[in-house]
Amino acid sequence: MVHTLAVGLAEAGHDVVLAASADSTCPVPRVPSLSESSDLCMDSGRQEILHVLRAYEAMQDVDIVHDHTLLGPLCQRRVPDVPRVTTLHGPFDDELTQIYRAMHREASLVAISHHQASTARGVKIDAVIHHGIDVRSVRYSPSPNGGACFLGRMHPNKGVLQAIMVARQAGIPLRIGAKMREPFEQDYFHDVIEPLLGTDIEYLGELRTADKYLLLGESVALLNPIQWPEPFGMVMIEALAAGTPVVATRRGSAPEIISDGETGFLADSLQGLAESLRGCIWLRRSDCRRAAEQRFSSRRMVREYIRLYSALLAGSPRATEEQAAAGF
Numbered sequence: 207m208v209h210t211l212a213v214g215l216a217e218a219g220h221d222v223v224l225a226a227s228a229d230s231t232c233p234v235p236r237v238p239s240l241s242e243s244s245d246l247c248m249d250s251g252r253q254e255i256l257h258v259l260r261a262y263e264a265m266q267d268v269d270i271v272h273d274h275t276l277l278g279p280l281c282q283r284r285v286p287d288v289p290r291v292t293t294l295h296g297p298f299d300d301e302l303t304q305i306y307r308a309m310h311r312e313a314s315l316v317a318i319s320h321h322q323a324s325t326a327r328g329v330k331i332d333a334v335i336h337h338g339i340d341v342r343s344v345r346y347s348p349s350p351n352g353g354a355c356f357l358g359r360m361h362p363n364k365g366v367l368q369a370i371m372v373a374r375q376a377g378i379p380l381r382i383g384a385k386m387r388e389p390f391e392q393d394y395f396h397d398v399i400e401p402l403l404g405t406d407i408e409y410l411g412e413l414r415t416a417d418k419y420l421l422l423g424e425s426v427a428l429l430n431p432i433q434w435p436e437p438f439g440m441v442m443i444e445a446l447a448a449g450t451p452v453v454a455t456r457r458g459s460a461p462e463i464i465s466d467g468e469t470g471f472l473a474d475s476l477q478g479l480a481e482s483l484r485g486c487i488w489l490r491r492s493d494c495r496r497a498a499e500q501r502f503s504s505r506r507m508v509r510e511y512i513r514l515y516s517a518l519l520a521g522s523p524r525a526t527e528e529q530a531a532a533g534f
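Residue 396 in my numbering sits at position 190 of the sequence shown, with consecutive numbering throughout.
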């Protein structure tokens, strides 16, 4: 999402400097002297502090800062009088809610779905902006090859076990692409998922972007039986861009992304999901692609962030209530 936003802002004629890992391939100017991704530990507080300090040192001459870290908005003293925007990527659990509440004293907060915003307890959300993707980069596939697919992390919350059960109940083969790097993910795979694999259920490993899009295009549907209120699901809009309907549980942001009966189906039970999966052959894949182009394109996302930046630069300390209600 950060890559897509940075590229989209540059394409729209804005000057962008990105604080990313030193080996980032994002084609915009970047902050120098940051660590390479192979040296980073996502759970290391010290590394995040160093990243934030070096990033903000390079932000002295900017008009606005868009921060996607947890720590950065709380270390803003280095950039006085520069408006800051923070996109909230996590859920409003007990710990993050306290952090987000402190953030709001320093930055304008953007939720990534209306459902996520509805769970904000005592935290003012200044805008709701759905993620977007460069739909042009995803090949539209009008004719799938037959089976379904699952994409996500090898984690119980993502619903990979439920996807297997649904596919078997529907009598439709399933191919799984999933990140499996952490010890917990590996244990979950070996203990729970691996014994269920067979000729009808195949694990492909963690897929590169091109292979992921190919799998989506070949599939009759993306199975996304998420087991938690996920704030947003990038894989769902990637599926729509490929022309692939999504079958998902009615949780989190899914009802905002999927038009039930048009670009996929929402269901609350395994039986309902299985029936929905079989029904995907009757959906028009062109409707899925159109939804991605009209509702979840990178151009739409960039346009809405620019509107927020403009409101802040015009002197408004926060987005107006009208803009926030419109969800940009």
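We put the CB at the ideal spot given by N, CA and C, even for glycine.
**Close beta carbons around R307, own chain, < 8 Å, minus the five adjacent residues each side** = G328, V329
**Item:** Identity of the residue in E510, L422, G439 nearest H321 by Cα
**Value:** G439
**Prompt:** Which one of G278, F356, I305, S243 has the shortest CA to CA distance from P451?
**Reply:** F356
**R513 CB to nearest heavy atom of the ligand PLP below 6 Å** = This structure lacks the ligand PLP, and indeed carries no ligand of any kind.
**Item:** Cβ pair count under 8 Å reaching 3, the stretch 489-504 against the stretch 513-520
**Value:** no
**Item:** Within 7 Å, strictly: CB atoms of H310 and T293
**Value:** no
**Prompt:** If you draw a straight line from the alpha carbon of R484 to that of A447, how long is it in whole angstroms?
**Reply:** 21 Å
**Prompt:** What runs of the alpha helix (DSSP H), each 4 residues or longer, lie entirely inside the stretch 312-357?
**Reply:** 320-324
**Message:** Check whether the stretch 351-366 and the stretch 413-428 touch, using three or more Cβ-Cβ pairs below 8 Å as the test.
**Reply:** With contact defined as three or more Cβ pairs closer than 8 Å, the stretch 351-366 and the stretch 413-428 are in contact.
**Message:** Using a Cβ-Cβ cutoff of less than 7 Å, which residues in the same chain neighbour L403 once the five nearest sequence positions on both sides are dropped?
**Reply:** Y409.
**Prompt:** Does the pairing of the stretch 359-367 with the stretch 377-388 give three or more beta-carbon distances under 8 Å?
**Reply:** yes
**Prompt:** Which residue's Cα is closest to the Cα of D229: V222, L240, H220, V223?
**Reply:** L240
**Item:** Bounding residues of the alpha helix (DSSP H) (the contiguous stretch that carries V258)
**Value:** 251-263
**Request:** Would you mind sorting Q392 into buried or exposed? The rule is 16 or more other CB atoms within 10 Å of its CB.
**Result:** exposed
**Request:** Spatial neighbours of A264 within its chain, please: CB distance less than 6 Å, with the 5 preceding and 5 following residues excluded, ordered by chain position.
**Result:** V237
**Request:** Pick helix, strand or coil for A218, following the three-state DSSP scheme.
**Result:** DSSP places A218 outside both helix and strand once states are collapsed to three, so it counts as coil.
**Asked** Who are the near neighbours of F204 in its chain, counting only those whose CB is closer than 8 Å to its CB and skipping five residues on each side?
**Response** Only positions 207 to 534 of the chain appear in the structure, and residue 204 is not among them; the question remains open.
**Item:** 3-residue-minimum beta strand (DSSP E) runs that sit fully inside the stretch 432-493, ordered along the chain
**Value:** 452-455, 470-473
**Request:** Can you tell me which of the three DSSP states H396 falls into?
**Result:** helix
**Request:** Please look up how many angstroms separate the CB atoms of Y262 and C281, rounded, as I've assumed it's under 8 Å.
**Result:** 7 Å
**Rounded Cβ spacing between V334 and A313 (contact assumed at less than 8 Å)** = Not quite, the Cβ-Cβ distance comes to about 16 Å (not below 8 Å), so this is no contact.
**Request:** State the beta-bridge partners of N363 as determined by DSSP.
**Result:** In DSSP, N363 forms no bridge with anything.
**Of the residues S243, P235, E242, A225, the one placed nearest G278, counting alpha carbons only** = A225
**Item:** Presumed contact (8 Å Cβ cut-off) between A373 and L429, rounded CB distance
**Value:** 6 Å between Cβ atoms; contact.
**Message:** Bridge partners for I382 per DSSP, in chain order?
**Reply:** I382 pairs with F356, Y409.
**Request:** Kindly list the residues whose CB is nearer than 7 Å to the CB of I487, restricted to its own chain and excluding five residues on each side of it in sequence; keep chain order.
**Result:** V426
**Message:** Measuring alpha carbon to alpha carbon, tell me which residue in E217, A445, L476 is nearest Q375.
**Reply:** L476
**Residue span of the beta strand (DSSP E) that contains R387, given as start and end** = That residue, R387, is in no beta strand (DSSP E); it is neither H nor E in DSSP.
**Asked** For the candidate residues P401, S504, P435, whose alpha-carbon lies nearest to that of F216?
**Response** It should be pointed out that residue 216 corresponds to Ala in this sequence rather than to Phe. Among P401, S504, P435, the Cα nearest to that of A216 is on S504.
**Message:** Contact defined as beta carbons within less than 8 Å: I believe A454 pairs with L472. What is the distance between those atoms, to the nearest angstrom?
**Reply:** 6 Å
**Message:** Is it buried or exposed, G338, if we count other Cβ atoms within 10 angstroms and call 16 or more buried?
**Reply:** Buried: at least 16 other Cβ atoms inside 10 Å.
**Message:** Residues in the same chain with beta-carbon distance under 7 Å from V271, minus the five sequence neighbours each way, listed in chain order, please.
**Reply:** M265, V285, V288, R290
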